[in-house]
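These notes concern the structure reproduced below.
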Amino acid sequence: MSSVHTEPPPPPPNPDIRRRSGLFIAGFVALQFIIPLTYLVREDRADDRFTWRVTAASEAPTCETTAEILTSEDVEVAVSPESTVHRDWIELLRRDRRVVVEAFLEKQCEVEGVLEATLVNTCDDAQGVRHYQLRCGGERAHLRLSNATGEVSARTAER
Amino acid sequence: MKAWNRYWFGDVALARPYLVLRFVLAALAFDVWLNMIPNGAKYGAGGFNVAHFPVYGDFVPGAAFYLGVLAFTGVLALSQALYRPHRIALAFVAVGYTVGWSCSLLDSVPYHYLLSLYLGCFVFFPMLSARAAFSRSNHAPRGSAWAYVSVCVTTAIVYFYMAAWGAASGKAYWLPMVCSGAYFVASMQDRSESQAVRVAMPLLGIAPIALHVTEPMAGWFSFYMIVIAICVFAPTQALHAAGRTLTFPVRLGPESTESGGVDERAARIFYASLIGLVVAPAITVFVDLPGVKTGCALTAIAMLLVMGRQLYLTPKTRPLWRVASLFGASVALFATMNLSTARFDFYREAAIDAETRGDADAAVILRDKVERYRR
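Those protein sequence lines, which keep their order, are chains A and B. In terms of the working numbering, the first sequence opens at residue 18 and continues consecutively. In terms of the working numbering, the second sequence opens at residue 346 and continues consecutively.
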């Protein structure tokens, strides 16, 4: 059965619209090709957003995450991440998402009298133990990575 | 340049952009309500947040903000799926959805980014009515739809990178590579006179369906991609027939009169629409989730902007249909929250989090809600 009510399809775009749309299309498509490639130069290898490397939840290594702060009285105080942030953030800490680790350490530094904040991920993978250390009030976050046999690398990053 | 113009601005069967747009908007509304709202309790917990983009600065989105954005996005998206979409409303949906996932790394579901890209393309889709796309039984209308071609190319790029990263890590990559190639050429099937192309194209569509059936992927990603593949690769006449069936009630509705000018009928429609805009979001008062009332009130304001001068300058009934679609979407949100475990899951998560962080008073209130909404 054919409806008596019909509407014409939209008219074809004129040359001006085609030119403007063409510029938008070129930029849009170019960006989509470029953004996933940025993974190759990302410092944080755990950051695979917008790359289409994974399309399902990947398995994280089994890790124990602990944190502590060093106060101005030179006392080390343990901090329970579970009672500080939601457990999904702890999952991201365990996955070594650098930006989350640094934000977590910066949050510990917000408490008055804290000189240094440390996060330790003890994992069952090849990297073993990761130490992340932040000197509060400084310009830069200092990251120290180590495994079970000793220190592997150290890095100073812009905050 | 000719080839470029032919590729992007050549004709496609209008049934394809029509069905892709409506399907993604409708699915997105329920995806947001059923899969994202239960996670809302995580937001703002402990005053800690890291966003996807630096533009958010130190902003910590709370549960009320997050749920409000999701309610706004879902109700507006569904209202646009139910009745003739409008570019302004689609732009609001795109922005709302993108803010929803990008305000926190708590939402790192890969396909949410892809949906934002699709929504961005939708703003430039031809705004088709059911009559424009499906009114003739023996003829599938065709027209230029470069934004629909962008959706196909965007999808092709996603599969291309899935194949590339798969190849780099030694995994099988031929199936996503076939999907990528298929999407790059998909939009050309409706303008080709070759019978071989028309037969081959639906066969190529089997590749993305097979990929998503065989490989587990996050959330509703596979569901979206399978239905989109059907809309993109199905034979034109089959898709046209399916679209005609789906839009049958809409196409038989009364036709709008084309005469303009302010008259008594226009005044009645103006007041009826305004009352409708107040009543429609009011339904969501009974949803009992933080931020949802505000989010739905904002949909009414967005709809007011969408209707613009239609509301008072013409005697057309279009504003009433827009209000009816908003009403329908608000009722759908209310029904979804009452028929699913989304609200229960939200309060249970919030109670567990409050207990973990030692907030006893909040935990008691939240546990009460958990018991109320236990199914």
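Don't be surprised by glycine CBs; every beta carbon is placed ideally from N, CA and C.
Could you tell me which of the options sits nearest to residue i, measuring between CA atoms?
i, options, result
"B:G588", "B:A475, B:S618, B:R719, B:S461", "B:A475"
"A:D142", "A:R37, A:R112, A:T83", "A:R112"
"B:L427", "B:N384, B:M472, B:L451, B:S449", "B:M472"
"B:V624", "B:S675, B:D698, B:V637", "B:S675"
"B:V668", "B:I620, B:G445, B:G413, B:A390", "B:I620"
"B:R429", "B:G550, B:V558, B:L370", "B:L370"
"A:R104", "B:V400, B:N384, B:V444, B:D403", "B:N384"
"A:Q125", "A:L109, A:Q150, A:G145", "A:Q150"
"B:A647", "B:G407, B:R432, B:F529, B:W353", "B:R432"
"A:V96", "A:F41, A:P53, A:E127, A:T135", "A:T135"
"A:G39", "B:A541, B:W353, B:L462", "B:W353"
"A:D91", "A:V131, A:D33, A:G145", "A:V131"
"B:P521", "B:A512, B:G673, B:Y504", "B:Y504"
"B:A527", "B:V494, B:V637, B:S539, B:D452", "B:V494"
"A:V137", "A:Q49, A:Y56, A:E85, A:L54", "A:E85"
"B:Y388", "B:L359, B:A612, B:G413, B:P553", "B:G413"
"A:P53", "B:A509, B:G407, B:F437", "B:A509"
"B:C466", "A:I42, A:E127, A:E60, A:I51", "A:I42"
"B:V523", "B:A541, B:M533, B:P553", "B:P553"
"A:R114", "A:D33, A:W69, A:E127, A:D61", "A:D61"
"A:C153", "A:L48, A:F121, A:D33, A:R37", "A:F121"
"B:I710", "B:Y692, B:E538, B:R719", "B:Y692"
Below 8 Å between beta carbons: does that hold for residue i and residue j?
i, j, result
"B:A573", "B:V365", "The sequence shown places Ile at residue 573 of chain B, not Ala. Going by C-beta atoms, B:I573 is nearer than 8 Å to B:V365."
"B:L435", "B:L464", "yes"
"B:V577", "B:R361", "yes"
"B:A409", "B:P635", "yes"
"B:A699", "B:A687", "no"
"A:L87", "A:E133", "yes"
"B:G355", "B:Y411", "no"
"B:N350", "A:R35", "yes"
"B:A531", "B:M507", "no"
"A:I107", "A:T82", "yes"
"B:A501", "B:S525", "yes"
"B:I614", "B:L665", "yes"
"B:Q488", "A:P27", "In the sequence under discussion, the amino acid at residue 488 of chain B is Gly, which differs from the Gln named in the question. A contact, by the Cβ cut-off of 8 Å."
"B:W378", "B:L591", "no"
"B:T701", "A:E119", "no"
"A:F67", "B:Y458", "yes"
"B:A439", "B:Y363", "no"
"B:T400", "B:A563", "Reading off the sequence shown, one finds Val at residue 400 of chain B, where the question assumed Thr. Not closer than 8 Å, so no."
"B:A372", "B:F568", "yes"
"B:L650", "B:L622", "no"
Leaving out five residues before and five after residue i in sequence, what residues of the same chain have Cβ atoms less than 6 Å from its Cβ?
i, result
"B:F417", "G441, G640, L643, T644"
"B:V395", "L450"
"A:C140", "P78, C80"
"B:Y456", "F566"
"B:R712", "A696"
"B:M682", "V632, R688"
"B:M381", "L415"
"B:F469", "A492"
"B:Y374", "The question names Tyr, yet the displayed sequence has Ala at residue 374 of chain B. Here the set comprises G419, A422, L423."
"B:E603", "Note that B:E603 scores a pLDDT of 49, beneath 50, so its modelled location is shaky and nothing firm can be said."
"B:H557", "S567, M570, I571"
"B:E694", "A386"
"B:Y714", "Residue 714 of chain B is actually Lys in this sequence, not Tyr. Here the set comprises Y692."
"B:F368", "V572"
Between which residues of its own chain and residue i is the CB-CB distance below 7 Å, once the five residues before and five after are set aside?
i, result
"B:S480", "R596"
"A:S20", "Caution applies to A:S20, whose pLDDT of 42 falls short of 50 and renders its modelled position unreliable; the value that the coordinates give is listed next. Around A:S20: no qualifying Cβ."
"A:D65", "Y56, V71"
"B:A617", "L665"
"A:S89", "G130, L132"
"B:F437", "L421, A647"
Can you pull the DSSP bridge partners for residue i?
i, result
"A:I86", "A:V94, A:A134"
"A:C140", "A:C80"
"B:V357", "B:G488"
Going by beta carbon distance, what residues of the same chain come within less than 8 Å of residue i, once the five residues before and after it are set aside?
i, result
"B:G392", "V405"
"B:Q582", "A485"
"B:A579", "P547, G550, A587"
"A:S75", "none"
"A:N31", "none"
"B:R720", "T686, F689"
* **Length-filtered (4 minimum) alpha helix (DSSP H) runs lying within the region 359-433 of chain B** => Within the region 359-433 of chain B, the alpha helix (DSSP H) runs of at least 4 residues that lie entirely inside it are, in chain order, 360-376, 408-427.
Complete runs of the alpha helix (DSSP H) confined to the region 524-556 of chain B [at least 4 residues]: Listed in chain order, they are 540-549.
Of all the beta strand (DSSP E) runs that stay within the bounds of the region 464-524 of chain B, which reach a length of 3 or more residues? Segments of the beta strand (DSSP E) lying fully in the region 464-524 of chain B: 487-489.
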